[in-house]
Amino acid sequence: MSLRRTAVCIICLTFAALFAVLYAISSSNLQASFSALEREEVEEEVTRATRALAGEMQGLEATVADWGMWDDTYRFVTQRDPEFLRLNVNAQSLETIRADLLLLYDAGGGLVLGRVRDPAADGLVAVPRALADEAAATRRLVAGDKDRTASGILVAGEDLWLLAVCPVLTSVREGPARGTLLMGRRLDHAAVARLSERVMLDLGVVNLQAPGVAPRLADVAAALGRAGRPLLVPEGDARVKGFALLRDWAGRPAMLLSVTMERRIFAQERIAQRNNVVFLLVAGLAFGLAMLYLLEQRILSRVARLRGQIGELGADSSGQRRTFIAGNDEIADLSKAINAMLAALDQAHGRYAMATRAARVGVWELWKDSGAYYVDPEFLALLGYDADAGMPPGLDAWLAHVHPEDRERVRGELAAWTAGDAQEYVGEQRMLASDGGVRWILVRGKAVRDASGRVARFVGTNTDVSELKQAEESVRELTGALIKAQETERARIARDLHDNVAQDLSAAKIASQTLLDGVLLPAPAVEGRFHALTEMLSRAIRAVREISYDLRPPDLEYLGLVQALQRLCDDFSKTSGLPVDFAASGMEGVAVPQDVAINVYRVAQEALGNVRRHAGARQATMRLVESYPRLILRVKDDGRGFDVAEGLARAGRTRRMGLAGMRERVGLFGGTLRIVSEPGKGCLLAAEVVYAGEARHGNETDTDR
C-alpha cells in the first residue's frame, strides 16, 4: 500500500472513530433528553386523564349528596311513598343526572330500592343480586359520619362502576340517618368515549379483575404497583401508551387507565439525530480534506520526490548521484542520512570486493518464483571467468559449471531444499574452472520470507575451500599412515613378545621346574620358593600372551574377522560378566583385507570398552553384516544411554579420543559412523566401511536422535 493510501486510510479511520465517539455521545444525550420530554408529556396526559376521571367521581358525589340529603328521599325510606318512585326514580331522571345505578338501604342495611338502567330495554330494571351484594359493602365508606360522602371504583364481574355513597338525611342535613344512598355510573365504552371527547385524549380502560387479562397488561399493572407513577410503553415509532393504575374502594387493583398518543417528540428526536449525523459528516469531511491537503503539501509530495531520487540512484551505475530535499525537518535529514549511507556503502563495497577476493568468497541469490539466479561477479573471477560479462540468468547456467559427477546430486539437493520448508542449506560441490581445473566450493544458503511468511528468495555464499580440502586430505592420509604404522608396530611388538619374551619366560619356567631334579630331599622352604617362582613365571607368560593378543589378535590373521569378533565377545563376557550376543550375516566366503579387518576389530573393541565403562547395561548385542561393497558393524546395549550432542561436546572438551579414534578408523575406508542414543534408552553404534572397490573419503557423520 502506498504512503498516500496509508495516509488516507489513517485519516478515514481517525474520522470514523471520532465520528463514532461523537455520534454515540451526542446521540445518547439527545435520546436521553427527548426520552425525558416524551415521558414528561405522557405522564402529564395520563395525570390529566386521571384527574378527569376523578372529576367524574366528584360530580357523582355531588349528585348522590343532592339526592341523599333530601326530605323526599328521607321520607321515602321511612314511608315508602310510591309518588317518590313515580316522579324521581325513572329512566329519564337517571339519564339526566347520568346515573346508571341507584341503591337505597335503610338504617338496618336492608335494601329498600334497587334500580339499574338497561341500555337494551331503555328503562330501569331491578338490580341483580350479585351487584347489590358487591355495592352493599361500600356502605362502610360513610359509616359513623352523617355528613360524609365518598366515591370509588366498584368491580362487578366484567363491569366497572364509578360509585358514590352518602347517608340519607333531611334537606338541612339533620338526622338521624335513615339509611344509605348509592349511585353508580357504568364505565363502559360509551362512557370512556365521552370522557375521551371531553379531555381530547384517546383513553382506554382495562378491568384487571376480569378473567382473561393479557399477560402483558398484567405485567404493566405489576410495574405500576411497584413504581407508583404512570408508565410509558412505546408501540412502535408512531404511537406510545401511558398507563395509570386505579384501585377499587377496598384498595385492590381495579383497572388500568391508558392514554394513546402520537410520538411527536420521538419524531423530533429522529429529525434531530439526522441533523446531528449530517453535521458530523460535513465537519469530519472538511476536517479530513484539510488534513489531507496539509499532509500532501508538507510530507507526501516531498517523500514522493525523495522516492523518485532514490529510484534514480538504483539506475545510476556510476554511484555518483545523491539525493536532495530542501528544508530543515526529518525528511531533509533523511535525505542527508541517505547520502551519508551511500558514501559509506561505496567504501564498504570497495572493502567487500577486497575481502571476497582475499577470502575467496562470493554471494549468490535465487528468486523462487522467477527462477532468476545471481552470482557475485567477483566469485566468477576467482574461477577464471569474465567478471564484467557476468553470467546468464538462471540456475542451469551455474550448474553447467558444476563437475559432471556432482551436477545431478547438487541439482536434486537444491530442488528439494527450495521446494521444502528447511531454512538453511549447506553442501559441497566441485566446480570447473576456466583453465580446466577443479575447485571445491562450500555452498551455504538461507531462505528469505516475505511479509506473509512465504519463502520469496534464497541467499547464500560460495566459498572456495579447495586448499582446505587438500589440507584435510593430507591430514587424513597422514592419520591413515599413522594408524597403519601403529598397527604395524603393534604387530611387531606382539611378535617380539610372543617369539622372544614369552619363549624366554617359558624356558625360565621349565628350568625352575627341573632345577631340583636329582637333589635328594631338598629343604621344604627351598622347594616352596621354587614352586612360587614357577607360578610367577606362569602368570607372566599368560600376561605377555594376553598383551600380545590385544596388540595383534592372531585369530584375525589365521581365522578371519568373524572368528576374531566372536572370540572378542566371548572374552569380554568372561572378564566383565556382561553377556554379549554376537552374530554375523552374509560373511561366508567374504575375503576382508587385513587393514580393513583390523580397523573394524578396533572399532568393536573400543565400543565394548565404552559399554563396560559407561553404559551400566545388562546385556549387549553385536552384529556384522556384509552389504557389498560395505561391511556394517552394529553394537547395541540396553544401558542408561546419553545425549549424543552433549556427550560428543564433553568428549571434545576433555580430549577423550575413543569416539574420535573410531571415526578416524572408519573414515579411512570411506565409511560412516552413527551413534543413536537417548537418556534411559540405551545406545546404538553403527559403523559402515567400504571393504571392496575404491573408498571415498570425507563422508563420516554423527547422527544424534
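Counted from 1, the sequence shown has number 303 at position 294 by my numbering; the numbering is strictly sequential. Note that CB positions come from ideal geometry on N, CA and C, so glycine has one too. Since the model is a prediction, treat every value here as computed from it, not as a measurement.
Can you tell me whether DSSP reads residue 417 as helix, strand or coil?
In this structure, residue 417 counts as helix in the three-state DSSP scheme.
Residue 540 classed as buried or exposed, judged by whether at least 16 other C-beta atoms fall within 10 angstroms
Only exposed fits residue 540, as fewer than 16 other CB atoms lie within 10 angstroms of its CB.
Taking 6 angstroms as the limit between beta carbons, can you name the residues of its chain near residue 644, skipping five residues before and five after?
Closer than 6 angstroms at the Cβ level, and outside the excluded window around residue 644, lie 616, 631 and 694.
Would you list the one or two residues that DSSP bridges to residue 438?
In the DSSP output, where bridge partners are listed per residue, residue 438 has 450.
Taking the C-alpha atoms as reference points, what is the distance between residue 657 and residue 667?
Residue 657 and residue 667: Cα-Cα distance of roughly 10 angstroms.
At which residues does the beta strand (DSSP E) containing residue 135 begin and terminate?
For residue 135, the enclosing beta strand (DSSP E) begins and ends at 132 to 135.
Determine the contact status of residue 248 and residue 272, defining contact as a CB-CB distance below 8 angstroms.
When the beta-carbon positions are compared, residue 248 and residue 272 come within less than 8 angstroms of each other.
Let's see if you can read the secondary structure: which residues bound the beta strand (DSSP E) around residue 209?
For residue 209, there is no enclosing beta strand (DSSP E), as DSSP marks it with neither H nor E.
Would you say residue 620 and residue 642 are within 8 angstroms of each other, going by their C-beta atoms?
Taking 8 angstroms as the Cβ cut-off, residue 620 and residue 642 do not qualify as a contacting pair.
Shortest alpha-carbon distance to residue 189 belongs to which of 117, 653 and 604?
Comparing Cα positions, the closest option is 117.
Using three-state DSSP, classify residue 216 as helix, strand or coil.
Residue state for residue 216 is assigned as strand, using DSSP reduced to three classes.
CA-to-CA distance, residue 469 to residue 704, given in whole angstroms:
Unreliable placement is indicated for residue 704, whose pLDDT of 45 sits below 50; the coordinate value is still reported in the next sentence. Taking C-alpha positions only, residue 704 is separated from residue 469 by approximately 31 angstroms.
Please tell me whether residue 251 and residue 49 are closer than 8 angstroms, where the distance is taken between their beta carbons.
No, they are not a contact pair.
Give the straight-line distance between the Cα atoms of residue 709 and residue 672, rounded to the nearest whole angstrom.
In this predicted model, residue 709 has a pLDDT of only 40, less than 50, meaning its place in the structure is not dependable; the value taken from the coordinates is given anyway. The straight-line gap from Cα to Cα measures roughly 7 angstroms.
Taking the CB atoms as reference points, tell me whether residue 626 and residue 568 lie closer together than 8 angstroms.
One thing to note: residue 626 has its Cβ no nearer than 8 angstroms to the Cβ of residue 568.
Beta strand (DSSP E) segment containing residue 467, residue limits:
From DSSP, the beta strand (DSSP E) with residue 467 extends over 464 to 473.
Cutoff 6 angstroms; reference residue 16; Cβ partners in own chain excluding five residues on either side:
Leaving aside the five residues that flank residue 16 on each side, the residues in its chain whose CB is nearer than 6 angstroms to its CB run, in chain order, 304.
Look at the Cβ atom of residue 149, then the Cβ atom of residue 136, and state whether they are nearer than 8 angstroms.
Contact check for residue 149 against residue 136 fails: the beta carbons are separated by 8 angstroms or more.
Extract the residue ranges of the beta strand (DSSP E) inside the segment 181 to 265, only unbroken runs of 3 or more that lie entirely within it.
The qualifying runs are 188 to 195, 211 to 216, 240 to 244 and 248 to 256.
Member of 438, 335, 456 and 318 whose CA lies at the smallest distance from the CA of residue 478:
Of the listed residues, the one whose Cα sits closest to residue 478 is 438.
With H, G and I counted as helix, E and B as strand and the rest as coil, what does DSSP make of residue 645?
DSSP places residue 645 in strand when its eight states are reduced to three.
What does DSSP give as the partner residue(s) for residue 175 in the beta ladder?
Under DSSP, residue 175 takes part in a beta bridge, and its partners are 190.
Please classify residue 698: is it buried, with 16 or more other beta-carbons within 10 angstroms of its beta-carbon, or exposed?
So residue 698 counts as buried.
Tell me, which residues are paired with residue 113 by DSSP?
DSSP lists 122 and 190 as partners of residue 113.
Give the C-beta separation of residue 212 and residue 266 to the nearest angstrom, bearing in mind that I take them to be a contact with Cβ-Cβ under 8 angstroms.
Approximately 7 angstroms separates the beta-carbon atoms of residue 212 and residue 266; this is inside 8 angstroms, confirming the contact.
Roughly how many angstroms separate the alpha carbons of residue 63 and residue 201, rounded to a whole number?
The alpha-carbon atoms of residue 63 and residue 201 are separated by roughly 13 angstroms.
Are at least three pairs of beta-carbons, each pair with one atom in the segment 167 to 174 and one in the segment 67 to 78, less than 8 angstroms apart?
Taking one beta carbon from each stretch, the segment 167 to 174 and the segment 67 to 78 have 3 or more pairs nearer than 8 angstroms; the two touch.
Would you say the segment 343 to 359 touches the segment 443 to 451, given that touching needs at least three Cβ pairs under 8 angstroms?
With a cut-off of 8 angstroms, the segment 443 to 451 and the segment 343 to 359 do not count as touching, because too few Cβ pairs lie within range.
Using DSSP's beta-bridge definition, name the partner residues of residue 270.
For residue 270, which the question treats as bridged, DSSP gives the partners 249.
Jot down the residue ranges of each uninterrupted beta strand (DSSP E) in the segment 570 to 603, minimum 3 residues, whole runs only, in chain order.
Taking 3 residues as the minimum length, the beta strand (DSSP E) runs contained wholly in the segment 570 to 603 are 589 to 594, in order along the chain.
Is the beta carbon of residue 611 sitting closer than 8 angstroms to the one on residue 551?
Going by beta carbons, residue 611 and residue 551 fall outside the 8 angstroms limit.
Beta-carbon proximity list for residue 106, same chain, < 7 angstroms, skipping 5 on both sides:
Only 72 meet the Cβ criterion.
Using a Cβ-Cβ cut-off of 8 angstroms, state whether residue 46 counts as contacting chain D.
Among the chains in the structure shown there is no chain D, since it carries only a single protein chain.
Would you tell me roughly how many angstroms separate the C-alpha atoms of residue 461 and residue 618, rounded to the nearest one?
Straight-line Cα distance between these residues: approximately 54 angstroms.
Sequence-distant residues of its chain with Cβ nearer than 8 angstroms to residue 12 (five each side left out)
Within the same chain, 309, 312 and 313 come within 8 angstroms of residue 12 by CB-CB distance, once the 5 residues on both sides are set aside.
Quick test of your reading: residue 593 and residue 565, contact by CB under 8 angstroms. State the CB separation rounded to the nearest angstrom.
With a beta-carbon spacing of about 14 angstroms, residue 593 and residue 565 fall beyond the 8 angstroms limit used to define contacts.
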